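Residue numbers (the numbering used here): 158 to 349.
Beta carbons: idealized from backbone N, C-alpha and C, even for Gly.
None of the values given here were measured: they were computed from a predicted structure.
Take a look at the structure below.
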Ligand SMILES: [Zn+2]
Ligand SMILES: [Zn+2]
């Protein structure tokens, strides 16, 4: 897949948000999202810093609540039944956030696009960014790239960027490995 760097980063932000916020806490129960790493203002600040979101501004409890609500909208795109349904959801996200692409080279960065003014509420800014990133994936690579982890105990979503569209797990080091270990143990039990 050939995302430009900026879009690529924003796709990852959308994925991390939809998966619950900050890095995986470890415990996994069924249901979505698998963990909740977005319960406090501090957790939201950390997420924004990790994804280099510029001009985060003053963040309050209201922002946390609004960004938490955005997560289910993002997951709905992955869980859509058809490409058309996914496209409609992304279009609704963009329309509601009043996305308006504007070139900027703030803080010495290379020219890039912002989709909302920095004065817009944080959740609307993230919704516009994530909407544009998902629009890019749907346009360039197709709905089939939006996948949910194949592990029984994980409901994380991811974008399958593999050449032959064969990726099954959100994380090869955790989920795929855990499934392999479980299968190995099951084979051992069967042999006993
Ligand atoms: Zn920027
Ligand atoms: Zn997983």
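Problem set entry | Assumed close pair residue 250, residue 282 - CB separation to whole angstroms, cut-off 8 Å | Residue 282 and residue 250 do not touch by the CB rule: their CB atoms are close to 12 Å apart, not below 8 Å.
For this session: Kindly examine ligand 2 and report whether one of its heavy atoms sits closer than 7 Å to the Cβ of residue 308.
Result: Indeed, a heavy atom of ligand 2 lies less than 7 Å from the Cβ.
For this session: Alpha carbon to alpha carbon, how far is residue 345 from residue 271? Give it in angstroms, no decimals.
Result: Going by the C-alpha atoms only, they are around 54 Å apart.
Exercise. Which partner residues of residue 269 appear in the DSSP bridge assignment?
Worked result: In the DSSP assignment, the residues bridged to residue 269 are 261.
For this session: Check whether the Cβ of residue 193 lies closer than 7 Å to any heavy atom of ligand 2, and answer yes or no.
Result: No, the Cβ of residue 193 stays beyond 7 Å of every heavy atom of ligand 2.
Exercise. Using the beta-carbon count (16 or more within 10 Å), is residue 235 buried or exposed?
Worked result: By the neighbour-count definition (other C-beta atoms within 10 Å, threshold 16), residue 235 is a buried residue.
For this session: Report the rounded CA-to-CA distance for residue 290 versus residue 170, giving the unit in angstroms.
Result: Per the coordinates, the alpha-carbon of residue 290 lies some 9 Å from the alpha-carbon of residue 170.
Exercise. Does the distance from the C-beta atom of residue 240 to that of residue 295 stay below 8 Å?
Worked result: Yes, the pair counts as a contact, with Cβ atoms nearer than the cut-off.
For this session: Using a threshold of 8 Å, state whether the C-beta atoms of residue 193 and residue 280 are closer than that.
Result: No.
Exercise. Is the distance from the Cβ of residue 261 to the Cβ of residue 269 below 8 Å?
Worked result: Cβ atoms of residue 261 and residue 269: closer than 8 Å.
Exercise. Between which two residues does the beta strand (DSSP E) carrying residue 303 extend?
Worked result: Looking at the DSSP string, the run of the beta strand (DSSP E) that includes residue 303 is 303 to 305.
For this session: From the DSSP output, read off the bridge partner residues of residue 314.
Result: The partner list for residue 314 (beta bridge, DSSP) reads 305.
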